[in-house]
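These protein sequence lines are chains V and A, in that order.
Throughout the first sequence, residue numbering follows the working numbering, covering 1 to 216 in sequence.
Throughout the second sequence, residue numbering follows the working numbering, covering 1 to 216 in sequence.
Report on one structure; see the data block that follows.
Number of protein chains: 2
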Amino acid sequence: MRASDRAYAALRDEIIEWKLPPGTVLAEVEQSERLGVSRTPLREALARLGADGLTAAHAGRGVVVTDISLDHLAELFELREALEGKAAALAAERGESAVFAALRAEFEDASRLLTDTDPGRHAYYDLVSRLDAAVDDAAANAYLVQALKNLRVHLVRVRRLSLDDPARLLAAATEHATIAAAIAERNPALAVAATTVHLHQSLRHLQATQREEKAL
Amino acid sequence: MRASDRAYAALRDEIIEWKLPPGTVLAEVEQSERLGVSRTPLREALARLGADGLTAAHAGRGVVVTDISLDHLAELFELREALEGKAAALAAERGESAVFAALRAEFEDASRLLTDTDPGRHAYYDLVSRLDAAVDDAAANAYLVQALKNLRVHLVRVRRLSLDDPARLLAAATEHATIAAAIAERNPALAVAATTVHLHQSLRHLQATQREEKAL
DNA sequence: GGCAAGGGCTTTGTATACAGAAACCTCCAC
DNA sequence: GTGGAGGTTTCTGTATACAAAGCCCTTGCC
């Protein structure tokens with residue numbers, strides 16, 4: 001693996017996991033020494049982070065980790081609604097019914113996963129990403145998938161803001177089942193609606209959690 | 001201006017204007033000598049082009065200019081529909097009515113511009129970008145605007161595929177006027193519908209033109 | 001005491017030299 | 001004649017040295 005890839009992956013993970021919180025300045029020499037690579041590949045890594053929107057080049061002062069606040073959260077979910085709604089609609093038009101019917105069944109069984117502890121939650125997250133991947137695959141649109149990929153980096157970042165509570169995950173599982181069912185039924189309008197509902201609920205929950213944490 | 005910025009802008013323009021057609025290999029030394037910059041800033045430029053999706057790093061053989069065919073056109077417009085539809089809806093919710101009412105009037109007067117020759121067409125294109133900018137501004141969503149910006153690079157590239165014929169531009173002006181009117185009326189659903197119609201017609205026209213050129 | 005200008009210092013931006021890897025061509029064997 | 005293996009060549013990937021630009025601190029003047 002290339003040194004620039006390693007540096008990019010390391011910095012990206014650290015930003016996503018809030019080990020490098022917003023506002024952190026990433027000086028080139030400092031980071032290159034820390035990560036054990038030269039400045040050249042590190043610069044390439046920083047450029048990619050900037051393209052992802054995770055950092056911004058504050059001219060002269062080095063690149064800084066971008067902020068992500070409550071306001072950004074709403075904006076992020078507006079974009080997410082546009083992209084995931086379209087992806088769900090396209091998947092409903094083009095996808096294999098059997099694939100999504102199977103995923104629907106898994107989500108309806110998810111209550112079993114979520115009564116357990118950590119490994120169960122991990123299995124649930126895995127199920128969610130399998131649905132995402134299935135939608136991406138069925139949508140069959142490279143540009144849309146790329147845009148979603150860019151978006152998801154930021155979504156993972158905000159997810160780490162608050163621990164998911166089991167009650168919300170259970171509700172989300174039902175919403176995901178509805179989305180999968182709509183796609184399996186080849187009903188694009190329903191798929192869009194189900195996606196909109198799910199994202200609305202997710203955003204509400206996140207914002208409520210955020211306000212709680214702020215109050216502490 | 002930085003050398004890497006110059007290299008990026010130069011290569012990007014050349015790709016967009018089809019001076020570097022799809023499949024062209026961009027060797028680092030060759031391009032750095034041609035553009036009069038060192039390999040380091042050139043590599044940064046190539047990385048940015050890759051992030052834009054204009055080039056793909058064919059491992060070992062250097063980066064090549066990505067292909068853009070009729071199939072890609074449909075995919076591109078699917079993404080465009082999702083993003084511009086959402087942007088129009090948000091603009092209808094949040095925008096200043098007066099701004100879009102004025103733009104509507106300009107589009108309704110556009111027949112005057114389009115009866116003239118080249119300078120008139122240039123003025124029309126300028127009007128279109130002013131509408132885009134107004135929508136971006138009114139949507140007030142940095143993530144959405146960024147996604148649109150990424151998309152537009154590819155759109156400019158396909159526009160160069162075929163010369164716009166005056167009849168289509170005239171029809172497009174009417175469609176744009178309808179979009180602006182919907183936003184001015186603060187009617188998000190109508191704005192989405194008008195955008196969908198416009199994009200559908202544009203795609204149909206482009207595909208028809210493409211088939212003609214293929215037949216020649 | 002406050003403001004501005006200048007110098008030092010840290011920072012990024014660029015160039016070049018070197019190392020490693022992959023592709024292609026050639027030559028040999030079958 | 002064809003296939004494979006080895007060598008050569010050219011490419012990308014990385015490191016480091018140098019240049020330039022911006023910021024901060026200090027100092028002098030008002």
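Yeah, the Cβ is synthetic: ideal placement off N, Cα and C, and Gly gets one too.
Just so you know, these numbers come straight off a predicted model, no measurement behind them.
- CA-CA distance, Thr209(A) to Ser129(A), rounds to 23 Å.
- By the Cβ rule, the region 62-71 of chain V counts as touching the region 8-24 of chain V, because three or more pairs are nearer than 8 Å.
- The beta carbon of Ala10(A) does not come within 8 Å of any beta carbon belonging to chain V, so the residue lies off that interface.
- Taking C-beta separations shorter than 7 Å and ignoring five residues to either side along the sequence, the partners of His58(A) in its chain run Val64, following chain order.
- DSSP places Ala56(A) in the uninterrupted beta strand (DSSP E) bounded by Thr55 to His58.
- The alpha-carbon of Val135(V) is positioned some 20 Å away from that of Leu73(A).
- Counted as a single uninterrupted DSSP element, the beta strand (DSSP E) harbouring Val63(A) occupies residues Gly62 to Val65.
- Not one beta carbon of chain V lies nearer than 8 Å to the beta carbon of Lys214(A).
- Against Ala142(V), the close residues of chain A are His72 and Glu75, in the order they occur along the chain (beta-carbon pairs closer than 8 Å).
- Looking at the DSSP output, Val25(A) sits in a beta bridge with Val64(A).
- The C-alpha of Gly60(V) lies about 38 Å from the C-alpha of Arg159(A).
- Look at Ala3(A): its C-beta is not under 8 Å from any C-beta on chain V.
- Minimum Cα-Cα distance from Arg168(A) among the listed residues Ser202(A), Phe100(A) and Tyr8(A) corresponds to Ser202(A).
- In this structure, Leu90(A) and Ala139(A) form a Cβ contact; the two beta carbons are roughly 4 Å apart against a cut-off of 8 Å.
- Looking at Pro166(A), Lys86(A) and Ala191(A), the one whose alpha-carbon comes closest to that of Thr196(V) is Lys86(A).
- For Ser111(V), the uninterrupted alpha helix (DSSP H) segment begins and ends at Ala110 to Thr115.
- Taking a Cβ-Cβ threshold of 7 Å, the residues of chain V close to Glu78(A) are Lys86, Leu90, Asn141 and Leu144, in chain order.
- DSSP places Glu96(V) in the coil class of the three-state scheme, outside both helix and strand.
- Close to Gly60(A), with beta-carbon spacing below 8 Å, lies no residue of chain V; the smallest spacing is near 13 Å.
- If you ignore the 5 residues before and after Ser32(A), its C-beta comes within less than 7 Å of the C-beta of Ser38, Arg39 and Leu42, all in its own chain and listed in chain order.
- With respect to the 8 Å criterion, Ala92(V) and Ile183(V) are classified as neighbours on the basis of their beta carbons.
- Taking C-alpha positions only, Ala173(V) is separated from Leu161(V) by approximately 20 Å.
- Our two residues, Leu190(V) and Ile179(V), have alpha carbons roughly 8 Å apart in a direct line.
- Cβ neighbours of Leu46(V) within its own chain (closer than 6 Å, five residues either side excluded): Val63.
- For Glu213(V), the secondary structure class from DSSP, reduced to helix, strand or coil, is helix.
- Distance from the CA of Gln146(A) to the CA of Lys214(A), rounded to the nearest whole angstrom, comes to 34 Å.
- Taking 8 Å as the threshold, the shortest C-beta distance from Thr40(A) to chain V falls below it.
- Using a CB distance cut-off of 8 Å, Glu28(V) does not count as an interface residue toward chain A.
- If you draw a 10 Å sphere on the C-beta of Leu163(A), you find fewer than 16 other C-beta atoms in it, and that means exposed.
- By the C-beta density criterion, Leu70(V) is exposed, having fewer than 16 other C-beta atoms within 10 angstroms.
- In the assembly as shown, Pro119(A) is an exposed residue. Its beta-carbon has fewer than 16 other beta-carbons within 10 Å.
- With 16 or more other Cβ atoms from the protein chains shown falling within 10 Å of its own Cβ, Gly95(V) counts as buried.
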